[in-house]
Each structure stands twice: as structure tokens, then as C-alpha cells.
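Contents: one structure, followed by commentary.
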Amino acid sequence: MDWRFRNNWDEFAWERELRKDELRIARYFETLPGCLDLPGEDDMIYRNLMAQPELVPTGVRDPRSISIFDNPDNDNDEDFGESSVRHRGNLEALRRLEALASDWNLLVAAELDERHFAEALAVTCAFGKLLARVWNLSDVEEAPETVNLRISLAKRILADINELSLRLENFRKKELLADHLLARFLDQMTYLREAALDLLAILRNPPRSNS
16 MDWRFRNNWD EFAWERELRK DELRIARYFE TLPGCLDLPG EDDMIYRNLM
66 AQPELVPTGV RDPRSISIFD NPDNDNDEDF GESSVRHRGN LEALRRLEAL
116 ASDWNLLVAA ELDERHFAEA LAVTCAFGKL LARVWNLSDV EEAPETVNLR
166 ISLAKRILAD INELSLRLEN FRKKELLADH LLARFLDQMT YLREAALDLL
216 AILRNPPRSN S
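Set out below in C-alpha cells:
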């Protein structure tokens with residue numbers, strides 16, 4: 016399917032589509048347990064999702080005519096290319112976030128009472144969601160026709176940072192971990208939030224060329 020019509024979307028159209036993509040992911044994991052180990056489980060789940068009108072990608076008139084491989088939101092071979100890895104490696108915020116997620120898991124394993132592991136896992140999942148969003152942004156080509164998509168992704172990143180910050184703050188309020196152990200995580204959330212706001216400002220008002 017030709018998806019070039021998306022080049023004309025504004026940030027709000029992209030926002031609606033990203034929310035729809037989040038809903039598809041949630042429904043996928045709801046459906047997965049009943050399809051595990053069945054032949055062609057991914058295609059089976061995808062057909063199930065495409066039978067639900069609210070999950071069909073915008074612009075698809077006949078969901079039965081497309082397969083899981085036709086959706087541009089699915090994995091792309093380019094994601095694993097050398098250029099993509101190099102581009103991601105240049106993102107200071109991404110490096111900090113990856114280190115922070117790893118440190119959180121080590122901290123939980125060493126310091127947290129196992130009765131609260133479920134709450135800690137929710138924080139780990141929030142880290143994973145935020146990392147995935149930053150990876151998505153890093154994979155979008157920096158071009159005039161992708162500005163609205165990048166703005167929408169930056170807005171979702173900011174929302175994910177706020178969600179993660181609230182979960183960490185809840186650990187502090189419940190005194191599940193010592194303040195001095197949580198302080199660095201909360202400080203880094205402030206850094207990441209400011210970085211996301213700076214990115215939004217640049218995308219909305221790009222610096223003018225001197226030429």
C-alpha cells in the first residue's frame with residue numbers, strides 16, 4: 016500500500032494515529048495468550064486486530080487486503096542497519112535513558128522487598144515504553160515532510176517521561192526505596208523532560224539558515 020498520503024498529515028493527525036498504534040499494541044498482548052504456539056500466530060493475531068475498525072490504520076479501506084507486512088509501523092529491516100545504530104549512538108538522551116533503565120533493574124534486584132516487585136516491574140515497563148518511543152524518533156528521517164511526525168513523537172515522549180516520573184515519585188512517597196537511591200532517577204527525569212521540551216521548541220521553530 017502507498018502510504019505517502021501521510022506526508023500531508025499535521026501533528027494532530029499523527030497524534031491520533033500514534034494513539035491508535037498504542038491501542039493495537041495493547042490489544043495484541045491481550046490476544047497473544049490465546050494464540051501462543053499456534054501456526055502463523057502473528058498473522059492470526061493481525062487478522063483479529065484488523066477486524067476491529069478502531070484499530071485499522073488510517074487510509075486502509077479494506078483491512079482484509081493487507082497483511083502484517085504491509086503496515087509501515089511494523090519492524091523495518093533498516094531499523095537494524097549500521098546507519099541507524101550510529102544515529103542512535105549520537106543521542107545523549109538515549110544513552111542516559113538506557114543506562115538509567117539498566118540501573119533501575121539492578122537497584123530493584125538488590126534493594127527492593129520482593130513484595131513490591133510488581134510495582135517495580137511497572138516502572139521497568141514504563142522505561143521500555145519510553146525507550147521504544149525514543150528509538151522510533153531516532154529512526155525517522157530528518158526531512159521537512161517528517162516534521163509533524165517528529166513533533167507528535169516528541170509530544171508522546173514528553174507524556175511518557177511524565178508517566179515514568181509519576182511512577183518513580185510514587186516509590187518515593189511510599190518509601191519503598193530510600194530517597195538517596197531514588198534522587199538520581201528523579202533528577203534524570205528532569206533532564207529528559209527539558210531535553211524533550213527543547214526538541215519540541217526546535218521542531219516548531221527550526222533555526223534559520225544563514226545562507
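Heads up: the sequence shown is residues 16 to 226, going by my numbering. All residues carry an ideal CB built from backbone N, CA and C; glycine is no exception. In this text, all values refer to a predicted model and were calculated from it rather than measured experimentally.
Check: Start and end residues, alpha helix (DSSP H) containing W150; Outcome: 132 to 154
Check: E30 Cβ short of 7 Å to the ligand ADP heavy atom set; Outcome: The ligand content of the structure shown is nil, which means the ligand ADP is not present either.
Check: Straight-line Cα distance separating L47 from L212; Outcome: 36 Å
Check: Whether E26 touches I166 by CB criterion (8 Å); Outcome: yes
Check: Three or more C-beta pairs below 8 Å linking the stretch 110 to 126 and the stretch 140 to 152; Outcome: yes
Check: Local Cβ density within 10 Å of P222, reported as buried at 16 or more and exposed below that; Outcome: exposed
Check: Counted within 10 angstroms of its Cβ, other Cβ atoms place R34 as buried (16 or more) or exposed; Outcome: exposed
Check: Boundaries of the alpha helix (DSSP H) in which A116 is found, first to last residue; Outcome: 107 to 126
Check: Same chain, Cβ closer than 6 Å to H131, five either side skipped, listed in chain order; Outcome: L191
Check: Q203 - DSSP class collapsed to helix/strand/coil; Outcome: helix
Check: With 16 other Cβ atoms within 10 Å as the buried cut-off, status of F20; Outcome: exposed
Check: Cβ-based neighbour list, D118, same chain, cut-off 6 Å, excluding 5 preceding and 5 following; Outcome: none
Check: For D77, the first and last residue of its enclosing alpha helix (DSSP H); Outcome: Here D77 belongs to no alpha helix (DSSP H), and DSSP marks it neither H nor E.
Check: Member of E69, E129, G74 whose CA lies at the smallest distance from the CA of N23; Outcome: G74
Check: Given L181 as reference, the closest of F200, L38, A169 once Cα atoms are compared; Outcome: F200
Check: Coil, strand or helix - W29 by DSSP; Outcome: helix
Check: Three-way DSSP call (helix, strand, coil) for E56 in this model; Outcome: helix
Check: Separation of E69 from R219, as counted between CA atoms; Outcome: 30 Å
Check: Nearest to L127 (by Cα), restricted to the options M59, L197, D77, V71; Outcome: L197
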